[in-house]
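In the numbering used here, the protein residues as written are -4 to 297. Take a look at the structure below.
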Amino acid sequence: MASNTLAAIGKYGRFIKFSHTLFALPFAGIAFVLAILQEPSLSLLVMGQKLFWILVCMVGARSAAMGFNRWADRKIDAKNPRTANREIPSGQISDFMAVVFIVGSSLVFFIGSWFLNPLSFYLSFPTLFLLLTYSYTKRFTFLCHFYLGLTIGLAPLATWIAIREEFSWIAGFWTLGLAFNLAGFDILYALQDREFDKKEGLHSVPVSFGEKNSFIISRTSHILSVSFLATAGWYAGFQGAFWAFLVFVAYLLFKEQKIASENKDGNFPPSFYQIHSWISLVIFLGILAETGPRLVSLFSRF
-4 MASNTLAAIG KYGRFIKFSH TLFALPFAGI AFVLAILQEP SLSLLVMGQK
46 LFWILVCMVG ARSAAMGFNR WADRKIDAKN PRTANREIPS GQISDFMAVV
96 FIVGSSLVFF IGSWFLNPLS FYLSFPTLFL LLTYSYTKRF TFLCHFYLGL
146 TIGLAPLATW IAIREEFSWI AGFWTLGLAF NLAGFDILYA LQDREFDKKE
196 GLHSVPVSFG EKNSFIISRT SHILSVSFLA TAGWYAGFQG AFWAFLVFVA
246 YLLFKEQKIA SENKDGNFPP SFYQIHSWIS LVIFLGILAE TGPRLVSLFS
296 RF
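Spelled out as structure tokens, the structure:
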């Protein structure tokens, strides 16, 4: 019984790539740290409750989005040799159970946002709409990569609203920085499906602009990412350690582009994906290094 349960958990974890959710957590951590420093009156209990429900929202929203993407693309995935062994095309998860999972994950997201504050709850509906509709953007526009980047990059802004109940340009610039980072990566990732997408009438930067221009657009996106992250740091008043970490992020993006240029067929080595997963963590560590003394002072009062 226990082995069957673990097998089912593992199957659904692979279905939504749950490990990628863990890589996305630093996105929320960025805004959480900065927001609580702006709200020193929050008690330790309230901070813990906010953090718990933010994590619930992140898991629910991303699970719903990934599940819906797999469900919406199930017929396309079945035709593509690279994706034919995914859980729905291969019959490991039925269409019905996929829909049940998507609905359940969406409810988890809505419930989590309800416990945060009224504004978070109201905004949870358009947010989920954005997350789900990404799946269809590649049917009609090459801007699908930027749409994906924006939807996932909303994590810092959403976290800020969960704590402060207000919009902030600081959080907005973090969102833009992360959005262009993800878009630049996704353009490179799409190179491996260029011929298949063209055959199926799907849209992407590689299909619309070719290999050479895809690299130019991806590199431009990563330059914009570093620029927006620097702008966010400047607005946040950072003057120390953060900037060293940001330089390292720029180096990681350079390495990511270099690996991609050496494997133009899209058959990237594991290091390509590992580098991408490190970027958000490095940014988060940079913020912790920058704000460490203030955080120590904040928590010392409890």
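From the three backbone atoms N, C-alpha and C, an ideal C-beta is built for every residue, glycine too. These numbers come from a predicted model, not from an experiment.
When rounded, the separation of the alpha-carbon atoms in I254 and W273 is 15 Å.
Put simply, the backbone Cα of L280 is about 13 Å away from that of A23. Taking C-beta separations shorter than 7 Å and ignoring five residues to either side along the sequence, the partners of F263 in its chain run I254 and A255, following chain order. The alpha-carbon separation between S220 and L37 amounts to approximately 32 Å. In this structure, DSSP gives S115 a helical state, which the three-state scheme calls helix. With fewer than 16 neighbouring CB atoms inside 10 Å of its own CB, E257 falls in the exposed class. S292 and L40 have their C-alpha atoms spaced approximately 17 Å apart.
Within the stretch 115 to 162, no beta strand (DSSP E) run of at least 3 residues lies entirely inside it. The three-state reading of DSSP puts A245 in helix, counting H, G and I together. For H198, no alpha helix (DSSP H) run applies, since DSSP gives it neither H nor E. Contact check for I182 against S222 fails: the beta carbons are separated by 8 Å or more. Scanning G43, D72 and E82 for the CA closest to the CA of D188 turns up D72.
Residue environment for A56: buried (at least 16 other C-beta atoms within 10 angstroms of its C-beta). Looking at L123, S85, L149 and L197, the one whose alpha-carbon comes closest to that of F135 is L197.
Nearest neighbour of W169 by Cα position, chosen from E161, P113, W155 and E160, turns out to be W155. The stretch 60 to 69 makes contact with the stretch 78 to 94; the number of CB pairs closer than 8 Å reaches 3 or more.
Here the C-alpha atom of F210 lies approximately 8 Å from the C-alpha atom of Q252. Within its own chain, the residues whose Cβ lies closer than 7 Å to the Cβ of S108, once the five positions on either side in sequence are excluded, are C52, S115, F116 and S119, listed in chain order. K45 counts as buried, since no fewer than 16 other beta carbons sit within 10 angstroms of its beta carbon.
Taken atom to atom, the span from the alpha-carbon of L283 to that of P21 is near 11 Å. Within the model, the alpha-carbon separation for S58 versus Y142 is close to 18 Å.
When C-beta atoms of the stretch 90 to 107 are compared with those of the stretch 161 to 180, fewer than three pairs fall below 8 Å, so the two segments do not count as touching. Here T122 is actually not in contact with L145; their C-beta atoms are around 11 Å apart, not less than 8 Å. Rounded to whole angstroms, the Cβ separation of I270 and I25 is 19 Å, and the two are not in contact under 8 Å. In terms of CA proximity to F105, A157 leads the group G179, K250 and A157. For N208, the number of other beta carbons within 10 angstroms of its own is below 16, and it is reported as exposed. For E82, the secondary structure class from DSSP, reduced to helix, strand or coil, is coil. Distance check between F237 and each of L111, A178 and E285 places E285 closest, using alpha-carbon atoms only.
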